[in-house]
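In the numbering used here, the protein residues as written are 140 to 698.
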């Protein structure tokens with residue numbers, strides 16, 4: 140608990156420094172606190188250049204952060220969250236402390252010089268690096284180390300966006316990938332601590348000024364549902380465009396990596412000259428869109444422009460997040476959709492701003508598949524409970540549609556393209572790559588579904604297993620019964636307790652003989668008993684048994 144508070148305080152302080160750096164560099168390069176609020180104007184530092192200064196500043200910024208990242212922390216390049224997910228999943232939460240410093244400077248320089256990226260990825264990586272550093276200093280166990288990394292991520296999100304709940308769920312849903320009372324308690328402490336620091340510096344106000352939200356007609360829920368499905372396709376499309384442009388930049392560049400951001404900055408400068416609203420994060424433009432300040436054609440141009448500008452910024456080697464761009468794209472999509480349905484159904488559709496708000500969360504959910512985080516952060520941004528129902532509906536549909544369209548998210552795809560599977564073994568690991576069929580034990584004797592509980596207790600006690608497969612009278616596999624389930628049933632009143640084993644059998648997540656051991660271990664760890672049956676992939680019948688002991692014996696086969 141004490142370490143979580145310390146990490147939260149560090150993440151909160153890191154957020155203050157990071158935001159100050161962004162403001163300072165933006166003013167230095169553009170002459171404005173936020174150039175997106177006055178797009179197309181000149182730079183008062185070099186008034187003779189007029190709006191054409193945007194052709195130069197990305198090059199200057201690239202000359203500064205390119206060598207910095209290449210020399211001191213190459214993992215600071217890009218949007219940051221995948222690197223933290225990898226550190227938690229396969230590296231015991233170990234992140235180099237210098238990442239916090241390099242990421243702060245590189246991301247602030249990227250955004251200050253026109254890079255069209257967000258600040259959530261950098262602050263997550265900064266806070267996580269601080270948590271990892273504290274874990275090393277205190278010689279924390281691997282479990283505690285990963286928890287401190289998650290605390291850093293939660294604190295960073297909470298302080299940066301004044302969204303303490305969103306910080307907690309972002310850390311558990313995306314960084315840890317699991318929910319537990321311990322993780323919730325620790326991340327809440329870090330998030331609250333960071334939020335107090337953030338509010339003391341920035342005030343207790345949302346970082347976006349958004350219009351009031353109203354649902355005026357029940358038929359709007361159907362319209363929000365359609366928006367959720369469309370938003371999923373746009374979120375997946377943003378992911379594809381991001382990595383397609385990154386591949387194109389990799390293919391086109393043949394020079395030294397430290398020079399790549401400066402040369403690529405020429406292309407980014409052309410985009411900014413044509414569409415200056417893409418300069419930096421772009422929150423003023425997002426707010427104007429939700430307020431209905433743009434025509435449909437310009438909204439579509441902004442949507443496509445943001446995809447292009449963000450992808451190009453990251454593709455040339457810039458440092459920044461994709462969360463804010465996802466919100467931006469979602470707002471443009473929602474505003475276009477809302478305008479369209481308002482013209483078609485003027486008495487039913489309601490305000491355009493409502494669709495823009497829901498579109499923000501739905502596109503992020505479609506790209507990142509983090510529905511809880513998406514719901515919570517939009518609720519904290521608006522502070523209105525009336526947003527919850529349509530937001531939940533659209534985000535759940537966006538998440539489900541995204542899962543149907545693609546296996547990966549905008550975060551995991553970056554790792555998979557490098558040959559890294561978060562559910563698989565770490566490179567060089569001694570176990571994990573083997574197939575389950577090569578390490579499984581023989582299948583223990585099954586219990587009949589009609590076996591009485593007292594008899595099943597005797598058989599389980601003699602078997603040496605904490606769980607046994609259950610078959611029906613026809614010999615078909617119907618699930619697994621654990622010693623714990625039988626013991627709990629025997630303690631109940633006789634008239635309330637189940638009479639037969641079949642009533643207690645539960646079907647665990649399937650583990651097949653051709654499945655990689657690393658993937659099966661996730662199922663084994665979540666199983667209630669001491670093992671799980673291994674199924675024949677062709678017929679779905681059990682042919683073996685996987686336990687922790689059989690998994691450990693795989694070490695000898697790998698040696």
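In this text, a Cβ means the ideal position worked out from N, Cα and C, and glycines have one as well.
Go through the segment 209 to 249 residue by residue and report every complete run of the beta strand (DSSP E) that reaches 3 residues or more, in order. none
Looking only at its chain, what residues have a beta carbon closer than 6 Å to the beta carbon of residue 155, apart from the 5 residues adjacent to it on each side? 340
Delimiting residues of the beta strand (DSSP E) encompassing residue 326: Note, residue 326: premise wrong, no beta strand (DSSP E); alpha helix (DSSP H) at 320 to 341.
Cβ-Cβ separation, residue 513 to residue 526 (assumed contact under 8 Å), whole Å: Actually they do not touch by this definition, with Cβ atoms about 12 Å apart.
Inter-stretch contact (C-beta, 8 Å, three-pair minimum) for the segment 479 to 487 and the segment 286 to 296: no
Which residue comes first and which comes last in the beta strand (DSSP E) that contains residue 685? 681 to 686
For residue 542, which residues from the same chain have a beta carbon less than 7 Å from its beta carbon, with the 5 sequence-adjacent residues on both sides left out? 508
In this structure, how does DSSP classify residue 185 when only helix, strand and coil are distinguished? coil
Please state whether the Cβ-Cβ distance between residue 517 and residue 499 is less than 8 Å. yes
Kindly indicate which residue of 464, 212, 602 has the alpha-carbon position closest to the one of residue 240. 212
If we count the other Cβ atoms within 10 Å of its Cβ and call it buried at 16 or more, is residue 192 buried or exposed? buried
Start and end of the beta strand (DSSP E) containing residue 529? Residue 529 -> not in any beta strand (DSSP E); alpha helix (DSSP H) instead, spanning 527 to 544.
Looking only at its own chain, which residues have a Cβ that is under 6 Å from the Cβ of residue 748, when we skip the five neighbours before and after it? As shown, the chain starts at 140 and ends at 698. That puts residue 748 outside it, with no answer to give.
Considering only their Cβ atoms, is the gap separating residue 582 from residue 647 smaller than 8 Å? no
Those runs of the alpha helix (DSSP H) which lie wholly inside the segment 396 to 477 and span at least 4 residues: 399 to 413, 422 to 429, 435 to 454
Those residues which DSSP pairs with residue 574 across a bridge: 655
Are three or more beta carbon pairs between the segment 445 to 459 and the segment 389 to 408 nearer than 8 Å? yes
For residue 312, the residue or residues it bridges with in DSSP: Answer is none; residue 312 lacks a bridge partner.
Tell me the DSSP secondary structure of residue 587 in three-state form. strand
Every unbroken beta strand (DSSP E) inside the segment 251 to 308 [3 residues or more]: none
Buried or exposed: where does residue 321 fall if 16 or more other Cβ atoms within 10 Å of its Cβ makes it buried? exposed
Taking all protein chains shown into account, decide if residue 411 is buried (16 or more other Cβ within 10 angstroms of its Cβ) or exposed. buried
Here's the rule: buried if 16 or more other CB atoms are within 10 angstroms of the residue's CB, otherwise exposed. What is residue 266? buried
For residue 316 and residue 276, what's the separation of their Cα atoms in angstroms? 25 Å
Just checking, does the segment 605 to 623 make contact with the segment 580 to 596 on the three C-beta pairs under 8 Å criterion? yes
Where DSSP assigns a beta bridge to residue 606, which residues make up the other side? 621
Could you check whether the segment 153 to 168 touches the segment 205 to 222, counting it as contact only if at least three pairs of C-beta atoms, one from each stretch, sit closer than 8 Å? no
Reference residue 356; option with closest CA among 481, 589, 327: 481
Using only alpha-carbon positions, find the residue among 414, 599, 278 that is nearest to residue 625. 599
What's the call for residue 400, buried or exposed, on a 16-neighbour Cβ count within 10 Å? buried
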